[in-house]
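**Student:** In this note's numbering, the protein residues as written are 80 to 234. Heads up, the beta-carbon is just placed ideally off N, CA and C, and yes, glycines get one too. Attaching a single structure in structure tokens format; questions to follow.
Below you can see the structure in the form of structure tokens.
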């Protein structure tokens, strides 16, 4: 017997947009808020309750999960992954959103391609190098890189 999979199309649903937002499809964007003059590249997923500020650029293949807030004038490189579940119970939260943690990105933050951002707060005026893994809050402007990301230089 042959089974038929349930096929769901990527889409843009229930999104609050500012003016002059540009999106390159295909994307899966739902239940979030995207500020004016922001660009979203193809193959991105932006989940519900995410807030993205004005004048941001989100490059292709980026995943922005629930509980993420991104400030104004930010650059998010290709393939950046935001994480909200730290597997604190030894495995995935499996729908127990009480175990999820939030991420807040300040203004004028640039995050290089393929970085992974765990639930943290990042202050204004920060550059995160490509491939970095941010595991702790960043409270001082500067350039950070590595796994785990460490401050390399002041801005």
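Within the stretch 129-186, note down every full beta strand (DSSP E) run reaching 3 residues or more, in order along the chain.
**Tutor:** Counting only runs of 3 or more, we get 147-149, 182-184.
**Student:** Within this structure, are the beta carbons of residue 193 and residue 210 separated by less than 8 Å?
**Tutor:** Yes, these two residues count as a Cβ contact at 8 Å.
**Student:** Grouping DSSP H, G and I as helix and E and B as strand, with all else coil, what is residue 197?
**Tutor:** It is coil, neither helix nor strand.
**Student:** Are residue 112 and residue 131 touching if we call contact CB-CB under 8 Å?
**Tutor:** Contact: yes.
**Student:** Taking only three categories from DSSP, how would you classify residue 118?
**Tutor:** Looking at residue 118 - three-state DSSP - the assignment turns out to be strand.
**Student:** Is it the case that the Cβ atoms of residue 146 and residue 182 are separated by a distance below 8 Å?
**Tutor:** Yes; because the gap between Cβ atoms is below 8 Å, this pair is in contact.
**Student:** Could you tell me whether the Cβ atoms of residue 232 and residue 222 are closer together than 8 Å?
**Tutor:** Contact flag set, yes.
**Student:** For residue 195, count the other beta carbons within 10 Å of its own beta carbon; 16 or more makes it buried, fewer makes it exposed. Which is it?
**Tutor:** Burial call: buried.
**Student:** Give me the Cβ distance between residue 138 and residue 120, rounded to the nearest whole Å; I'm assuming they're in contact under 8 Å.
**Tutor:** Correct: roughly 5 Å between the Cβ atoms.
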